[in-house]
Amino acid sequence: GVGPWDECFEVAVQLALRAGQIIRKALTEEKQVSTKTSAADLVTETDHRVEDLIVSELRKRFPSHRFIAEEATASGAKCVLTHSPTWIIDPIDGTCNFVHRFPTVAVSIGFAVHQELEFGVIHHCTEERLYTGRRGRGAFCNGQRLQVSRETDLAKALVLTEIGPKRDPDTLKVFLSNMERLLHAKAHGVRVIGSSTLALCYLASGAADAYYQFGLHCWDLAAATVIIREAGGIVIDTSGGPLDLMSCRVVAAGTREMAALIAQALQTINYGRDDEK
Ligand code: IPD
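At position 56 of the sequence shown (counting the first as 1) the number is 55 in the working numbering, and the numbers step up by one without a gap.
Encoded structure:
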């Protein structure tokens with residue numbers, strides 16, 4: 000049947016594919032790189048170009064909708080999720096990878112109505128994989144249904160994480176001790192691939208058993224959360240409580256047991272909130 004947001008979903012897919020072409024072409028070209036909140040928090044002219052393309056096309060098609068987008072927020076726009084239909088956009092997730100030509104780079108477009116996530120589209124630009132999830136209708140990668148891992152034992156888990164932008168000694172100590180705790184618990188491995196959204200897509204695909212991070216943003220989480228939930232997975236707060244899209248932290252896993260084990264092992268790194276910046 001036709002759902003109320005089908006047209007929005009179709010437009011999101013088309014824009015994610017167009018954005019992917021631009022990013023793929025720009026990957027091997029000379030780049031203008033600037034820093035944002037830290038020396039490791041990067042932005043290029045392609046991030047801006049892709050965000051402007053996506054937002055301007057969506058505004059034309061859906062003039063009453065609202066937007067939360069990474070680079071507009073970096074330029075001072077407020078991050079507020081109201082009851083209105085809201086697009087939550089990361090034009091290039093994995094900008095540091097993009098800058099170094101490390102081929103793990105994505106476009107992420109999420110959509111929420113009444114503060115509930117309706118769909119997510121994530122395009123792995125270099126491998127041309129399109130991940131989609133729609134509330135109540137499953138999650139797919141290039142048309143193939145996604146299913147999370149059923150693993151419940153941390154001692155058999157492959158765990159993904161990302162470092163986050165802060166690099167001061169206290170933050171790094173906690174970051175490394177969190178990783179150490181999981182390795183002490185005999186996790187099979189811990190991987191850092193440089194893109195939160197694609198790591199979360201690997202989790203949705205069953206290619207990893209858990210993901211956790213402090214210091215990511217609502218635009219890293221929105222689309223991926225729908226995809227993971229529709230693949231049968233769990234997305235929660237690092238406290239073990241319900242996910243808060245604005246809290247800059249997350250635990251995701253294939254099973255509730257695994258998510259709880261990861262949450263219990265972690266020490267908090269405080270990144271503040273997206274809606275308080
Ligand atoms: C970042 C990347 C990075 C993760 C950060 C994200 P960006 O997104 O996913 O791996 O550690 O938390 O914000 O800045 O490349 O869009």
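Here a beta-carbon is modelled for each residue, glycine too, at the ideal position from N, C-alpha and C.
Hey, is residue i close to the ligand IPD, as in C-beta under 7 Å from one of its heavy atoms?
| i | result |
| --- | --- |
| Cys200 | no |
| Glu161 | yes |
| Glu50 | no |
| Asp208 | no |
| Asp5 | no |
| Gly231 | no |
| Leu215 | yes |
| Ile91 | yes |
| Gly193 | yes |
| Asp219 | yes |
| Glu44 | no |
| Gln212 | yes |
Starting from the C-beta of residue i, find all residues in its chain whose C-beta is less than 6 Å away, skip the five residues before and the five after it, and write them out in chain order.
| i | result |
| --- | --- |
| Glu50 | Ala68, Glu70, Pro90 |
| Leu157 | His187, Gly188, Ala207, Asp208 |
| Ser148 | Gly205, Asp208, Gly253 |
How many whole angstroms separate the CB atoms of residue i and residue j, which I take to be in contact at a CB cut-off of 8 Å?
| i | j | result |
| --- | --- | --- |
| Lys35 | Ala73 | 5 Å |
| Asp92 | Ala105 | 5 Å |
| Ile121 | Thr196 | 5 Å |
| Val225 | Arg134 | 6 Å |
| Thr45 | Ala25 | 4 Å |
| Gly279 | Tyr270 | An answer regarding residue 279 cannot be provided, because it is not within the stretch 0 to 276 covered by the chain. |
Considering Cα atoms alone, identify which of the options is closest to residue i.
| i | options | result |
| --- | --- | --- |
| Leu175 | Thr85, Leu202, Ala207, Gln212 | Gln212 |
| Phe66 | Arg60, Gly75, Val79 | Val79 |
| Val250 | Tyr201, Ala39, Ala258 | Ala258 |
| Arg144 | Pro102, Arg248, Arg228, Arg180 | Arg228 |
| Gly240 | Val225, Ile261, Lys185 | Ile261 |
| Leu52 | Cys124, Arg166, Thr237, Ala11 | Ala11 |
| Ala186 | Lys155, Ala223, His216, Phe118 | Lys155 |
| Asn177 | Ile268, Leu242, Cys140 | Ile268 |
| Ile282 | Arg190, Thr85, Pro168, Thr43 | The question about residue 282 has no answer here: the residues shown for the chain are numbered 0 through 276. |
| Leu16 | Glu115, Ser37, Asn141 | Asn141 |
| Phe118 | Ala222, Leu244, Gln13, Ile235 | Ala222 |
| Ile233 | Cys247, Gly109, Ala203, Trp218 | Ala203 |
| Leu279 | Asp236, Cys247, Ala230, Ala184 | Outside the modelled stretch of the chain, which goes from 0 to 276, sits residue 279, for which no answer is possible. |
| Trp4 | His113, Arg48, Ala38, Ser107 | His113 |
| Gly137 | Gly231, Gly19, His183, Asp219 | Gly231 |
| Lys165 | Ala39, Val1, Gly19, Glu150 | Ala39 |
Secondary structure at residue i, three-state DSSP: helix, strand or coil?
| i | result |
| --- | --- |
| Ser176 | helix |
| Ser107 | strand |
| Glu70 | helix |
| Gln212 | strand |
| His64 | coil |
| Cys140 | strand |
| Glu55 | One detail in the question is off: residue 55 reads as Ser in this sequence, not Glu. In the structure shown, Ser55 sits in a helix (DSSP, three-state: H, G or I). |
| Ser101 | The question names Ser, but residue 101 is Phe in the sequence shown. In this structure, Phe101 counts as coil in the three-state DSSP scheme. |
| Ser204 | helix |
| His47 | helix |
| Pro84 | coil |
Output needed for residue i: all residues of its chain with C-beta closer than 8 Å, excluding positions within five of it in sequence on either side, in chain order.
| i | result |
| --- | --- |
| Gly193 | Gly93, Cys95, Asn96, Phe101, Thr103, Glu161 |
| Lys172 | none |
| Val54 | Phe66, Ala68, Ala71, Trp86, Ile88 |
| Asp236 | Leu242, Asp243, Ser246, Arg248, Val249, Val250, Ala262 |
| Ser63 | Ser83, Pro84 |
Who are the Cβ neighbours of residue i in its own chain at under 7 Å, not counting the five residues just before and after it?
| i | result |
| --- | --- |
| Ala198 | Leu159, Glu161, Ile192, Tyr210 |
| Tyr201 | Leu159, Ala207 |
| Phe280 | This structure cannot speak to residue 280, because the chain is shown only from 0 to 276. |
| Asp274 | Cys78, Val79, Met245 |
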